[in-house]
Amino acid sequence: PMLVVGICSFEWMFYEGASLKDKRMIVKSLIQRLSSRYNVSVAEIGAHDKWQLAAIGFSCVGNERRHVERMLQEVLRFIESDGRGEVFNIQQEIIS
Numbered sequence: 008p009m010l011v012v013g014i015c016s017f018e019w020m021f022y023e024g025a026s027l028k029d030k031r032m033i034v035k036s037l038i039q040r041l042s043s044r045y046n047v048s049v050a051e052i053g054a055h056d057k058w059q060l061a062a063i064g065f066s067c068v069g070n071e072r073r074h075v076e077r078m079l080q081e082v083l084r085f086i087e088s089d090g091r092g093e094v095f096n097i098q099q100e101i102i103s
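Those letters in the sequence shown? Residues 8 to 103, per our numbering, in order.
(1) Relative to the C-alpha of residue 67, which candidate in 93, 50, 55, 56 has its C-alpha closest?
(2) By DSSP's criteria, residue 68 is part of a beta bridge. Which residues make up the other side?
(3) Just to confirm, are residue 75 and residue 13 a CB contact at a threshold of 8 Å?
(4) Would you kindly report the start and end of the unbroken beta strand (DSSP E) that includes residue 99?
(5) Locate the alpha helix (DSSP H) running through residue 43, then write down its first and last residues.
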């Protein structure tokens with residue numbers, strides 16, 4: 008069987024919250040929703056000291072490239088439809 012890994016990182020500028028404590032709550036909520044809804048591994052990977060910006064990375068594994076590509080796109084669409092912020096600097100890589 009073939010192993011395909013999809014990796015994606017992005018920055019998320021959000022408009023709610025006014026402190027690092029608020030940011031942690033918002034980011035933690037997003038990470039929990041992504042991991043339970045899409046079964047992806049997800050973590051905050053940067054911009055830890057900025058209270059309106061988060062750098063987030065996630066990955067998924069499958070046995071078909073098309074499925075992995077679709078998963079990455081679905082997760083990004085979900086985040087963009089969240090309405091709390093803007094997604095930019097998206098970087099994706101598929102390893103097979």
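Here a beta-carbon is modelled for each residue, glycine too, at the ideal position from N, C-alpha and C. Keep in mind the model is a prediction, meaning the values are calculated, not measured.
Well, looking at it:
(1) Here residue 67 corresponds to residue number 60 of the sequence shown, with the count starting at 1. The shortest C-alpha to C-alpha distance from residue 67 to any of 93, 50, 55, 56 is the one to 50.
(2) If you number the sequence shown from 1, residue 68 lands on position 61. When DSSP reads this structure, residue 68 sits in a beta bridge with 12.
(3) Within the sequence shown, numbered from 1, the residue matching residue 75 stands at position 68. Within the sequence shown, numbered from 1, the residue matching residue 13 stands at position 6. Yes, the Cβ-Cβ distance between residue 75 and residue 13 is below 8 Å.
(4) Within the sequence shown, numbered from 1, the residue matching residue 99 stands at position 92. Counting along the chain, the beta strand (DSSP E) containing residue 99 begins and ends at 92–102.
(5) If you number the sequence shown from 1, residue 43 lands on position 36. 27–45 is the span of the alpha helix (DSSP H), which, as asked, contains residue 43.
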